[in-house]
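Q:
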């Protein structure tokens, strides 16, 4: 009897250990995030125009999601460019949810470092690209290298996952972390200029968005009052700091895109339309794409176990192109297209066709 009791006790302990481990991984995302990008990266030897992308999940064009092209894909189509995209996304194996890169992995908390640091932060992505580019251009003439750089535009698109990681942190510490992250962005741009020996770089720099508008916000944070206020104030600090430092940068031309204003205009377009109001700005017509939902996700992420047990892994909404958000943290297909259109119009004559304008 004693032997059987000991056996059952050991079985019970083992079962409890397995259940606890599963709970811990699921609730804390501890070590179960798998980067989606793989393979050896190389820069192109020849191109007419090139877009080099550093960023997070909003710019990553190699995810498992089926929402279609991201805004960098659309932008490249508009001026027939070759794209070298190093933006990264990770997927939680157990929870089925996604995460994107941040500016500096060292700023993530302990639990975040053990999972999300499997993604390349801005410094890692930039170094990865520089290593590939420097290897390729060995033996190129100065004129060839100069021509490559003149036909290259660099995208730096971070902030959403940075602010997301700071919402529930001590507010004073979060502000200091934002200052540090923005400084790193500019330091890395200085590094890019120095290594390329080029003080006429062409940069598209995107500001962040108000994460409280993301479908994931209400379910991710429980103390809505404080965390809502913190999120809004952190966004303002991030965007103001980024704008101020970008304006004083002297190593090239920066086109700063107000991503939050873009997102708000899409939401207002639907709200005005629903209220029967047409603004002088044109908002309220709801013509393109004709939104039917600007608050909810078209596709909700599901835990891996639930997905495995279901025949319908990702059931999308009926009209994905009319949803502002694809999943809880990402833009939908029409929003990506419209964002690319605004950026293309903004850079034309500044980063593109600048010689003709001067």
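Numbering (our numbering), first residue to last: 45 to 402.
Yeah, the Cβ is synthetic: ideal placement off N, Cα and C, and Gly gets one too.
1. Please classify residue 171: does DSSP put it in a helix, a strand, or coil?
2. Can you list, in chain order, the residues of its chain with a C-beta nearer than 8 Å to that of residue 304? Leave out the 5 residues immediately preceding and following it.
3. Where residue 367 and residue 294 are concerned, what is the direct C-alpha to C-alpha distance, given to the nearest angstrom?
4. How many angstroms separate the CA atom of residue 302 from the CA atom of residue 180?
5. Assuming residue 201 and residue 99 make a contact with CB atoms under 8 Å, what is their CB distance in whole Å?
6. Leaving out five residues on either side along the sequence, give the residues of the same chain with a beta carbon under 6 Å from the beta carbon of residue 340.
7. Among the candidates 198, 265, 205 and 91, whose CA atom is the shortest distance from the CA of residue 152?
8. Near residue 289, what residues of its chain come up, given a Cβ to Cβ distance below 7 Å and the 5 sequence neighbours on each side ignored?
9. Is DSSP giving residue 182 helix, strand or coil here?
10. Taking the straight line between their C-alpha atoms, what separation do you get for residue 17 and residue 187?
11. Whose C-alpha, out of 266, 241, 127 and 167, is nearest the C-alpha of residue 198?
12. Let me know if residue 177 comes out buried or exposed under the rule of 16 or more other beta-carbons within 10 Å of its beta-carbon.
13. Roughly how many angstroms lie between the CA atoms of residue 316 and residue 385, to the nearest whole one?
14. Which one of 261, 320, 164 and 192 has the shortest CA to CA distance from residue 88?
15. Check each candidate in 248, 91 and 274 and name the one with the smallest Cα separation from residue 218.
16. Just to confirm the assignment: which complete alpha helix (DSSP H) runs, minimum length 4, are found wholly within the segment 182-217?
17. If you check the beta carbons only, do residue 133 and residue 107 fall under 9 Å apart?
18. Under three-state DSSP, which class holds residue 379?
19. Given a cut-off of 9 Å, decide if residue 395 and residue 190 are closer than it, judged by their beta-carbon atoms.
20. Can you check which of these residues, 390, 326 and 334, is closest to residue 298 by C-alpha distance?
21. Given this structure, state the Cα-to-Cα distance separating residue 215 from residue 92, to the nearest angstrom.
22. Could you tell me the distance, in whole angstroms, from the CA atom of residue 105 to the CA atom of residue 97?
23. Can you name the start and end residues of the beta strand (DSSP E) that residue 94 belongs to?
24. Considering residue 123, what are the terminal residues of the alpha helix (DSSP H) in which it resides?
25. Can you tell me whether residue 359 is helix, strand or coil according to DSSP?
26. For my contact list, residue 335 and residue 309 are in at a C-beta cut-off of 8 Å; report their separation, rounded to the angstrom.
27. How would you label residue 323, buried or exposed, when you count the other beta carbons within 10 angstroms and need 16 or more for buried?
28. For residue 381, which residues in the same chain have their Cβ closer than 7 Å to its Cβ, ignoring the five residues on either side in sequence?
29. State the start and end residues of the unbroken beta strand (DSSP E) segment that holds residue 340.
30. Within 10 angstroms of its Cβ, does residue 239 collect 16 or more other Cβ (buried), or is it exposed?
31. Can the beta-carbon of residue 142 be found less than 9 Å from the beta-carbon of residue 378?
A: The relevant details are as follows:
1. Residue state, collapsed to three classes: helix.
2. So the list reads 251, 252, 253, 254, 279 and 283, once near-sequence residues are dropped.
3. Spanning the two alpha carbons is a distance of roughly 40 Å.
4. Answer to the nearest angstrom: the Cα atoms are 34 Å apart.
5. Confirmed, Cβ separation roughly 4 Å.
6. Excluding sequence positions up to five before and after residue 340, its CB lies within less than 6 Å of the CB of 259, all in the same chain and listed in chain order.
7. With distances taken between Cα atoms, residue 152 lies closest to 205.
8. Cβ neighbours of residue 289 beyond the five flanking positions: 226 and 230.
9. DSSP places residue 182 in the coil class of the three-state scheme, outside both helix and strand.
10. The requested residue 17 does not occur in the structure, where the chain is confined to residues 45 to 402.
11. Of the candidates 266, 241, 127 and 167, the residue whose Cα lies closest to the Cα of residue 198 is 127.
12. Buried, by the Cβ-count rule.
13. The alpha-carbon atoms of residue 316 and residue 385 are separated by roughly 22 Å.
14. The candidate whose alpha carbon is nearest that of residue 88 is 192.
15. Ranking the options by Cα distance to residue 218, first place goes to 274.
16. Positions of the alpha helix (DSSP H) runs, each at least 4 residues long and wholly inside the segment 182-217, are given as 186-194 and 204-208 in order along the chain.
17. At the C-beta level, residue 133 and residue 107 come within 9 Å of one another.
18. DSSP, read as helix, strand or coil, puts residue 379 in helix.
19. Result no, Cβ atoms of residue 190 and residue 395 do not sit closer than 9 Å.
20. Residue nearest to residue 298 within the set 390, 326 and 334 is 390 (criterion: CA-CA distance).
21. Approximately 46 Å, taken between the alpha carbons.
22. Those two C-alpha atoms are separated by around 10 Å.
23. That run of the beta strand (DSSP E) goes 94-99.
24. Taken as a continuous stretch (DSSP letters only), residue 123 belongs to no alpha helix (DSSP H), as it is neither H nor E.
25. Of the three classes helix, strand and coil, the one that applies to residue 359 here is coil, per DSSP.
26. No, residue 335 and residue 309 are not in contact; Cβ-Cβ is about 11 Å, not under 8 Å.
27. Under a 10 Å Cβ-count criterion, residue 323 is classified as exposed, with fewer than 16 other Cβ atoms of the shown protein chains found around its own Cβ.
28. For residue 381, where only same-chain residues beyond five positions count, the Cβ hits under 7 Å are 118.
29. It spans 337-341 - the beta strand (DSSP E) in which residue 340 sits, taken as one unbroken run.
30. So residue 239 ends up on the exposed side.
31. In this structure, residue 378 does not lie closer than 9 Å to residue 142 by Cβ.
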